[in-house]
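Engineer: Numbered according to this note's numbering, the sequence shown spans residues 565 to 1412.
The structure that follows is given in the form of structure tokens.
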Amino acid sequence: MPHTHPAYPEEVGRLGQTCQEIDAKIGKLERQEMDLYQVAQFKGMDLDSLRSVAGHPYFMRLRLRYEDGSVKDVCLGEGVHDIPLSDTYICGIGSPLRQQIQHRQVREVEIVADSGAVRTAYQLLRRQLKIEQRTITALSDVMPLADGEGTEQETTDVFAQLGQEYLVDQLGREASAKARSILATISERQDELMSWPTDRLLVVNGVAGSGKTAIAYHRIPSMLHKERVGSREINEKKIAVFVPNSFLLGYLKQLLPRAGVNNVFQTTLEDWAKRVVNQGERRIRQLGDETAKIIFDPKSDVSEKQAAIAKAGMRGRQEMQMVLRHLLADHLTRQLADLSANLPRTGSSTGKCGPEDLTATGQAAPVLQLSLASVRELVEQWRGEPAEADWKSLRANLQTEVNRLIKKALPKEVALLAEREGQDPAVWISEVKGLTQRLGQLVEGLLPTTGAWETYLLLVSDEQKVSAAASRIFTGPALKVATEALHRTPKPVGEDGTRPFEPTDVTELPLVLALKILLEGVRPNDAALRDRFGSSGQFDYLVLDEGQDLSPLQYALLRRYTPAGRAAIFGDLRQGIHRYRGIGSWDVVCQTFGTGEDEVEELTQTFRTTQEITALGNFVLERVAPNALKAEAVPRPGSPVHFVRYSTKNHLLPLLTHEVRRLQREGAKNIGIVTRSPAEASNLYERVSKSKTAFKVDSRTKDFEDYAGGVAIVPISVAKGLEFDAAIVVNADVDHYNPAMPYDGSLLYTCVTRGLHHLTLFALNEFTPLLGEIPSPEAGKCPISGLEITDKGFHKPPTHAAGRTRRKGQERGPGANQDGMVRTYDGRFDSMPSYEGDGSRDNPWYDR
Ligand SMILES: Nc1ncnc2c1ncn2[C@@H]1O[C@H](COP(=O)(O)OP(=O)(O)OP(=O)(O)O)[C@@H](O)[C@H]1O
């Protein structure tokens, strides 16, 4: 309770004064009463950002005594800009002073000013505060007030310990349906990445829950601080942030406005790509994901999955840009066959060429041949040119060459033929005119004008042509896969001239974007994108979350919109849930975006999960990627992971209901039930919402588009990046998570790392071996759920009405988080469990 802290009244008073001063500044800015000097003092502060941080102006107070004896209060805030006030100075997130001081766990610190001058300051006080809507909700001294030079015991360790306690306390809080600021407890390592120079590529590979998304989002206000040392100025409007789905976008929505950043471009990569490509009527309207359907469907067999994975992987290869170029060049070459025209002779009956000419004159009509070899040659040259050489540049060259043919080659050919035939060329005037006209329209008619999507369908509709183009790049089995990956039979154009609607596959979208760039250049077709980023669509800075799920081709395309080095890319190769289309190593990203000596930054400390959940995550990870760095948990013990086996499908719903209610009694508000596939999530959602006795599920999650808290039923692809107080993984069996498919381990790892405080896994009959051997619990009463366990180790559904909830004053049910009951395995989390021997009781997650 903050008000039990002796300094609480003083802090309330200080906060009141700060707020008053901020309000006064807001008023002045609103009334435009500031002179230029005062505005300059604000260091770029604008009204919007000042208003955004006015409810939570700072999270830490430092009282500094300088060498000259003067004492100053410096506060650290979450906003972009610094706020100078009469008796304190609030540093913004990107302030060099904040970076220098926030992690100094010693009394005496050296502060380097912009000018290079070094000042020594003595930290009299270091106080963490949590302020929401101008109310102090948490208060804790991580370096208590010192009146003199401190005491002997005041070692760095003591301060670090106090900071750790504050962190553990903060992590013990409830999950929120919206992401929160981590600035108050950001680790030094996270801060280093958040404050990374803006002209050096940043690639972060971090375990689940290591704060990648949080760093990505805090980095943005940090980059916008006007005084960042050694950083290039970034235009807020031109920062592009891509996250994998709209669900996650909603979750992250309030982070930037909280720091006073309201103008950044945030969307999904697919949405952006569609907007760059789309033009006119023939648009990409809907995206499908055939690969995910096959892969996530537990009924598809291994060979089916492998074929789908190979096809999707092929679509994501950078070489596909070259295949598209060959397809296009082949198509152009076919349109550029030599031209010819039959010419009439003098005295022909009709004056036109035709079979009747033969009969009238008894001689075949002369044929005017015009070679387009020089035009085709230009196409051939263009084939081998780099990606930047687009169709527009080729078209200009083709047109120049055609004009030359019209002006020079054609008249010359006509003159030669006339001489040979002994004819007056004037006789052929209409034929020559016709040929000139055909030449004049030749270049324009080479490609459809219906946009990249339609052109794509045209180019890939003939399997043989696709194979011919692909064979210039691939051979053997790769050629077969490439042909399958590209070839598509579009629905025929209807009588009204329009093509029936067909969804574009997500794995095809990058190919269509690549073709659009090849055809039209990078200029986005969407006017709003051009307004924001300019006609070249160039970002000032790119921030990418879940970067492991992007393909090399997507990286190559994004690079066309991003200057070298100006990107921050976050992800976790261990969690490659879209590995079929993603990257296998960060090398490709460093090569594409880097400036030479780029390295991948690793994060191994997880902040999300309890020690028990982290241990289970590591166990799964060990099976998926034995050499991958494992997660280190913050020392925060919780309840054991709960395993529920059941013997009949019908038992799932009552058992799930019982578990949800148990977790709610334990204090879990946000509960994520995670399925493997979207179809499974939808089915379960239907069953739950139709049942009269089941728990209530947030209806907004039905289409996986938004979430406002409560119980959500979501597939892994949506749960990725999110977190809940409790995660429940259903169908954790071998059919759904097959150790023979390395990919499945990543999926399971992602699922089991979603819960902050609780994790429950359900399996029909047996758990997947990816979880190790989960020994059957002894028959009797489950100590966690209180349910009966049969002699075969199956949980039996409750016999009473499933919907019953605890009445006020009623004792907590079994499984309440009481010492001696559920924390049976404290202290054993450091070592990986061994499943040698009978393994029965060695499993630290086993809920005996
Ligand atoms: N320094 C920190 N102090 C307090 N909480 C933190 C800190 N770093 C991260 N967190 C919290 O840990 C949780 C996980 O963070 P985040 O979602 O950013 O991790 P992630 O690496 O993106 O995870 P995933 O890969 O699973 O999506 C969040 O609740 C975040 O607020």
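Backbone N, C-alpha and C define an ideal beta-carbon position, used for all residues, glycine too.
Could you tell me which residues DSSP puts in a beta bridge with PHE829?
Structural biologist: Taking the sequence shown and counting its residues from 1, one reaches residue 829 at position 265. Paired residue(s): ALA804.
Engineer: Considering only the beta carbon of each residue, do SER751 and THR1170 sit closer than 8 Å?
Structural biologist: As a position in the sequence shown, residue 751 is number 187, starting the count at 1. As a position in the sequence shown, residue 1170 is number 606, starting the count at 1. Cβ distance not < 8 Å, so SER751 and THR1170 don't count as in contact.
Engineer: Got a sec? Which residues, its chain only, sit under 6 Å from GLN1118 by beta carbon, not counting five neighbours each side?
Structural biologist: Here residue 1118 corresponds to residue number 554 of the sequence shown, with the count starting at 1. Here the set comprises PRO1074.
Engineer: Ordered along the chain, which non-local residues of its own chain (more than five positions away) have a Cβ less than 8 Å from that of THR1354?
Structural biologist: If you number the sequence shown from 1, residue 1354 lands on position 790. SER1211, ALA1343, LYS1360.
Engineer: Tell me which residues share the same chain as ARG1371 and place their Cβ nearer than 7 Å to its Cβ, disregarding the 5 neighbours each side in the sequence.
Structural biologist: For this step, residue 1371 is matched to residue 807 along the sequence shown. Confidence at ARG1371 is low in this model, with a pLDDT of 42, below 50, so its placement is unreliable and the value that follows should be read with caution. Taken in chain order, the list of residues that qualify is empty.
Engineer: Within 8 Å, do at least three Cβ pairs link the stretch 691-700 to the stretch 568-584?
Structural biologist: Yes: at least three Cβ pairs fall under 8 Å.
Engineer: Restricting to Cα atoms, I'd like to know which of ARG940, LEU626, THR1000 is closest to LEU932.
Structural biologist: Residue numbering aside, residue 932 sits at position 368 when the sequence shown is read from its first letter. Nearest of ARG940, LEU626, THR1000 to LEU932, Cα basis: THR1000.
Engineer: If we ignore side chains and look at the alpha-carbon of each, how far apart do ASP861 and VAL1184 end up?
Structural biologist: The residue you call residue 861 lines up with position 297 of the sequence shown. The residue you call residue 1184 lines up with position 620 of the sequence shown. Going from the Cα of ASP861 to the Cα of VAL1184 covers about 21 Å.
Engineer: On the DSSP bridge list, what partners appear for LEU1003?
Structural biologist: As a working mapping, residue 1003 is identified with position 439 in the sequence shown. For LEU1003, which the question treats as bridged, DSSP gives no partner whatsoever.
Engineer: I need the DSSP call for LYS1345, collapsed to helix, strand or coil.
Structural biologist: Looking up residue 1345 in the sequence shown gives position 781. Note: LYS1345 maps to strand in three-state DSSP.
Engineer: Taking DSSP's pairing of strands, which residues face ILE700 in a bridge?
Structural biologist: Taking the sequence shown and counting its residues from 1, one reaches residue 700 at position 136. According to DSSP, ILE700 bridges with ILE695.
Engineer: Report, in whole angstroms, the separation of the C-beta atoms of ILE784 and VAL1107, which I expect to be a contact under 8 Å.
Structural biologist: Here residue 784 corresponds to residue number 220 of the sequence shown, with the count starting at 1. Here residue 1107 corresponds to residue number 543 of the sequence shown, with the count starting at 1. Yes, ILE784 and VAL1107 are in contact; Cβ-Cβ is about 7 Å, under 8 Å.
Engineer: So for ALA893, helix, strand or coil by DSSP?
Structural biologist: Numbered from its first residue, the sequence shown carries residue 893 at position 329. Looking at ALA893 - three-state DSSP - the assignment turns out to be helix.
Engineer: So, does the stretch 638-648 touch the stretch 819-830, judging by three or more C-beta pairs under 8 Å?
Structural biologist: Contact between the stretch 638-648 and the stretch 819-830 is present, because at least three Cβ pairs lie under 8 Å.
Engineer: Pick from THR1317, GLY1061, GLN596, ALA1092: whose alpha carbon is nearest that of ILE1292?
Structural biologist: In the sequence shown, residue 1292 corresponds to position 728, counting from 1. Ranking the options by Cα distance to ILE1292, first place goes to THR1317.
Engineer: Could you tell me the boundaries of the alpha helix (DSSP H) in which LEU981 lies?
Structural biologist: Position 417 of the sequence shown, counting from 1, holds the residue named residue 981. Element bounds for LEU981: 974-985.
Engineer: Return the chain-ordered ranges of every alpha helix (DSSP H) run that is complete within the stretch 1195-1245 and spans a minimum of 4 residues.
Structural biologist: For the stretch 1195-1245, whole alpha helix (DSSP H) runs of length 4 or above, ordered along the chain, are 1216-1229.
Engineer: Is MET1305 helix, strand or coil by DSSP?
Structural biologist: For the purposes of this step, residue 1305 is identified with residue 741 of the sequence shown, where counting begins at 1. In this structure, MET1305 counts as coil in the three-state DSSP scheme.
Engineer: Among the residues of its own chain, which have a CB less than 6 Å from the CB of SER1088, if the five just before and after it don't count?
Structural biologist: Mapped onto the sequence shown, residue 1088 falls at position 524. The sequence shown places Pro at residue 1088, not Ser. Same-chain partners within the cutoff: VAL840, ARG1094, GLY1101.
Engineer: Do PHE1157 and ALA1128 have their beta-carbon atoms positioned less than 8 Å apart in this structure?
Structural biologist: Translated into positions along the sequence shown, residue 1128 becomes position 564. Translated into positions along the sequence shown, residue 1157 becomes position 593. Yes, Cβ-Cβ distance for ALA1128 and PHE1157 is below 8 Å.
Engineer: Could you check how far apart the C-beta atoms of ALA1032 and ASP835 are, in whole angstroms? I think they sit under 8 Å.
Structural biologist: Taking the sequence shown and counting its residues from 1, the one referred to as residue 1032 is at position 468. Taking the sequence shown and counting its residues from 1, the one referred to as residue 835 is at position 271. Contact doesn't hold; Cβ gap of about 34 Å is too wide.
Engineer: Can you give me the Cβ contacts of MET624 inside the same chain, cut-off strictly under 6 Å, excluding the 5 residues immediately before and after it?
Structural biologist: For the purposes of this step, residue 624 is identified with residue 60 of the sequence shown, where counting begins at 1. Correct list, in chain order: LEU640, GLN692.
Engineer: From PHE1268 to ALA1245, what distance separates their C-alpha atoms?
Structural biologist: Looking up residue 1268 in the sequence shown gives position 704. Looking up residue 1245 in the sequence shown gives position 681. Using only the alpha carbons, I get a separation of about 9 Å.
Engineer: Per the contact definition of three or more C-beta pairs closer than 8 Å, is the stretch 841-850 in contact with the stretch 799-806?
Structural biologist: With a cut-off of 8 Å, the stretch 841-850 and the stretch 799-806 do not count as touching, because too few Cβ pairs lie within range.
Engineer: Helix, strand or coil for HIS782, going by three-state DSSP, please let me know.
Structural biologist: Along the sequence shown, read from residue 1 onward, the residue named residue 782 stands at position 218. Correct three-state label for HIS782: helix.
Engineer: Could you spell out the range, first to last residue, of the beta strand (DSSP E) harbouring PHE1288?
Structural biologist: Locating residue 1288 in the sequence shown gives position 724, counting from the first residue. Start and end: 1288-1293.
Engineer: For GLN843, name the three-state secondary structure that DSSP assigns.
Structural biologist: In the sequence shown, counting from the first residue as 1, residue 843 sits at position 279. Looking at GLN843 - three-state DSSP - the assignment turns out to be coil, as it is neither helix nor strand.
Engineer: Please determine, among LEU1137, LYS1213, ILE1177, the residue with the shortest C-alpha to C-alpha distance to GLY770.
Structural biologist: Locating residue 770 in the sequence shown gives position 206, counting from the first residue. Answer by Cα proximity: LEU1137.
Engineer: Please tell me whether ARG1240 and ASN1182 are closer than 8 Å, where the distance is taken between their beta carbons.
Structural biologist: Taking the first residue of the sequence shown as 1, we reach residue 1240 at position 676. Taking the first residue of the sequence shown as 1, we reach residue 1182 at position 618. Contact: no.
Engineer: Just reading off the beta strand (DSSP E) that ALA951 is part of, what are its end residues?
Structural biologist: In the sequence shown, residue 951 corresponds to position 387, counting from 1. ALA951 -> no beta strand (DSSP E), and no H or E assigned at all.
Engineer: Over what stretch of residues does the alpha helix (DSSP H) that includes GLY814 continue unbroken?
Structural biologist: As a position in the sequence shown, residue 814 is number 250, starting the count at 1. Start and end: 810-816.
Engineer: Please indicate yes or no: does the CB of ARG1200 lie closer than 7 Å to some heavy atom of ligand 1?
Structural biologist: Against the sequence shown, residue 1200 aligns to sequence position 636. Because no heavy atom of ligand 1 lies under 7 Å away, the Cβ of ARG1200 does not count as near it: no.
Engineer: Does THR684 come out as helix, strand or coil in the three-state DSSP assignment?
Structural biologist: Position 120 of the sequence shown, counting from 1, holds the residue named residue 684. Correct three-state label for THR684: strand.
Engineer: Which whole-angstrom value describes the C-beta separation of VAL682 and LEU661, a residue pair presumed to lie in contact below a C-beta threshold of 8 Å?
Structural biologist: As a first step, residue 682 is located in the sequence shown; it is residue number 118 there, counting from the start. As a first step, residue 661 is located in the sequence shown; it is residue number 97 there, counting from the start. Not confirmed; about 13 Å, so no contact.
Engineer: With distances taken between CB atoms, is the gap from LEU1311 to LYS776 smaller than 8 Å?
Structural biologist: Residue 1311 sits at position 747 when you count from the first residue of the sequence shown. Residue 776 sits at position 212 when you count from the first residue of the sequence shown. Taking 8 Å as the Cβ cut-off, LEU1311 and LYS776 do not qualify as a contacting pair.
Engineer: Excluding sequence positions up to five away, which residues of its chain have a Cβ less than 6 Å from the Cβ of MET878?
Structural biologist: What you label residue 878 is simply residue 314 of the sequence shown in a count that begins at 1. Here the set comprises VAL1045, ALA1046, ALA1049.
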